[in-house]
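Note sheet for the following structure.
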């Protein structure tokens, strides 16, 4: 054998008895090592029938039998009995002392595949973070990602459930405004990502979903794990295609990422297995975004600006309502609010965009909000709404004059008429409005009223702060978080009563808040925190908050935190009940049914995974435990036993 290389595959020949077989690896070559008739032989490990692992088979009646379908071969020379032409390749074997060596041909240098050119294009467009699970139908794509990771251009996080991968990618995008990718195999691996993809879509967060697929030649035949993924994901994606041998591969990936960025939507590409492994066309090269994407600083139509300016000049008690879509424009928004000395209210999704301690900050409006926000909305004579989508959970009244600003024209006047619909990028629009209204408004200074309203609300909150024999109150939990959580933390929250209480009682300073807004999907918090950690690393502390039901959805991802040493602090409110659902059953005047939960000790579970686990049952232990959580270097979980009725 020319240009061969020897590999030691067995340290001690006695570990493979006469008449037995074993799978070994020489370089990248899988070997079925046999010990029969007094000698060792090495055969290609893949059965020529359907690739069954011969090294997991057995020697029966002097023949090597494939464990999958029972095909027989000579265990020494790989010949197929009966004169068939499906014999197995064999490799040279030598013994040195007790060790067994196998020679295989020197491997050829890697030739770039279709997967390589597409993943390199993806990285060139700025998607450098992937959450997913490697499996049999996405191996070529995973191998292309490995090469990018070795070059320092990509980070890959192997998760325990593909649903967590999609939520992590969604959390990444909501925090940064840039897409990450989620990644799964054909069939169930891909469909597991569906919920997280919808979460990103309805909250207008860009995301790239990548999936493996069965070989093209068996599509439509009902093959194992065959799902028509293009059809399955059609409702959730803005761009959705399978890769073909004759596709323009780099352009396909460029179009996908460009769509995600411009439309702020979900895109999906699926790779049939044999296409993903195919060598790329001779002249194919990875693309870059150079001169392929436009700046987004568009200005609103002049006639709409004129109407908005006229309303702002006359308003005496304007308020500004900020949605999640304004999260990157808060400097301009705060400056304009100061010019008017007017309240700044946020939607729940935008919680934390202005500090509750800011002289103009009035907290959250709506079901998860404070009486401060609703009071100023009711007392205003004009609302300037920026990057908000008028969710029924927020409850922005249509009875007041409204100026709405959004980059998406379909979001303007989406649910009802507004007085002025300004289609434009927020900071660009505010610059124009500020210039035209400077020193020309009739707005009164509302800062003293804001201060008084906060005083009344904090007195009310203090009166609710109490312990109970069945556990701590939610308000005590978030009162402690007010005192302990770092000012610059990112906090991912879940759904349920714990999240309503967070919205009402936690007073953000400079923290960023991530949530499953329009979809309202339970289990979002911990995976989203993983996405935030991947985006921020050690630049900002990463916290997450959930109820016991929400944590139970992706509890195994604590193992992922430990594997990658994700310095995430998770706070779980454990009341052993789906408390929000019990509340809804009572409101619907039906019996409370099947909402109780049987939980493990979450703190001990975290410890079993290798993280710090802390459990608190008494009020006096809460703040010291939360400080221990905060100060721990590494993943940590704080389990707090709470009373389901004290929300």
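Residue numbers (the numbering used here): 19 to 665. A virtual CB, placed ideally from N, CA and C, is assigned to each residue, including glycine. A quick note: this is a predicted structure, and the numbers were derived from the prediction, not measured.
For the 7 Å CB-CB criterion, residue 122 and residue 44 form a contact.
Contact between residue 454 and residue 327 holds: CB atoms are separated by about 5 Å, below the 8 Å threshold. Inclusion of residue 124 and residue 26 in the CB contact set at 7 Å is not warranted, their separation being larger than that value.
In this structure, residue 412 lies near residue 383, with their beta-carbon atoms less than 7 Å apart. The three-state secondary structure of residue 72, taken from DSSP, is helix. Apart from sequence neighbours up to five positions away, the residues of its chain that approach residue 397 with a beta-carbon distance below 7 Å are 335, ordered along the chain. Here the segment 458-466 lies against the segment 331-350, with 3 or more beta-carbon pairs under 8 Å apart. Excluding residues up to 5 positions away in sequence, 388, 389 and 390 lie with their Cβ nearer than 7 Å to the Cβ of residue 475 in the same chain. The residue from 595, 604 and 622 with its alpha-carbon nearest to that of residue 616 is 595. Scanning its chain for C-beta atoms nearer than 8 Å, with the 5 sequence neighbours on each side dropped, one finds around residue 293 the residues 132, 234, 261, 262 and 263, in chain order. With respect to the 7 Å criterion, residue 303 and residue 394 are not classified as neighbours on the basis of their beta carbons. Taking the Cα positions, residue 437 is about 10 Å away from residue 401.
The straight-line gap separating the alpha-carbon atoms of residue 170 and residue 297 is approximately 23 Å. Looking only at 127, 404, 550 and 379, the smallest Cα-Cα distance to residue 442 is reached by 404. Secondary structure note for residue 26: its beta strand (DSSP E) is the uninterrupted segment 22-28.
The beta carbons of residue 197 and residue 215 sit no closer together than 7 Å.
Cβ contact annotation for residue 116 (same chain, cutoff 6 Å, sequence separation greater than five): 30 and 31, in chain order. Between the alpha carbons of residue 287 and residue 236 lies a distance of about 19 Å.
Each residue's CA atom was taken as its position, placing residue 553 and residue 188 some 11 Å apart. DSSP lists 41 and 61 as the bridge partner or partners of residue 50. The DSSP-derived three-state label of residue 334 is coil. One thing to note: residue 274 has its Cβ within 7 Å of the Cβ of residue 257. Residues of the same chain with a CB within less than 6 Å of the CB of residue 96, apart from the 5 flanking positions on each side, are 61, 105, 106 and 108 in chain order. Just so you know, the alpha carbons of residue 182 and residue 635 end up roughly 29 Å apart. With the rule of 3 Cβ pairs closer than 8 Å, the segment 577-597 counts as touching the segment 613-633. Non-local C-beta neighbours of residue 423 in its own chain, meaning closer than 6 Å and more than five positions away in sequence, comprise 404, 440, 444 and 447, ordered along the chain.
Comparing alpha carbon positions, the residue from 52, 47 and 285 closest to residue 34 is 52. Residues 513 of the same chain have their beta carbon placed closer than 6 Å to that of residue 538, with the five preceding and five following residues left out of the count. Secondary-structure assignment with DSSP links residue 401 through a beta bridge to 337 and 420.
Residue nearest to residue 386 within the set 535, 504 and 430 is 535 (criterion: CA-CA distance). A direct Cα-to-Cα measurement between residue 567 and residue 272 gives close to 39 Å. Contact between the segment 154-169 and the segment 314-327 is absent: fewer than three C-beta pairs spanning the two stretches fall below 8 Å. In this chain, the alpha helix (DSSP H) harbouring residue 496 covers 492-502. Secondary structure at residue 592: strand, using DSSP grouped into helix, strand and coil. Two segments are said to touch when three or more pairs of C-beta atoms, one from each, lie closer than 8 Å; by this definition the segment 647-664 touches the segment 622-635.
Sequence-distant partners of residue 603 (beyond 5 residues in either direction) whose C-beta falls short of 8 Å from its own C-beta, in its chain, are 609, 610, 611 and 613.
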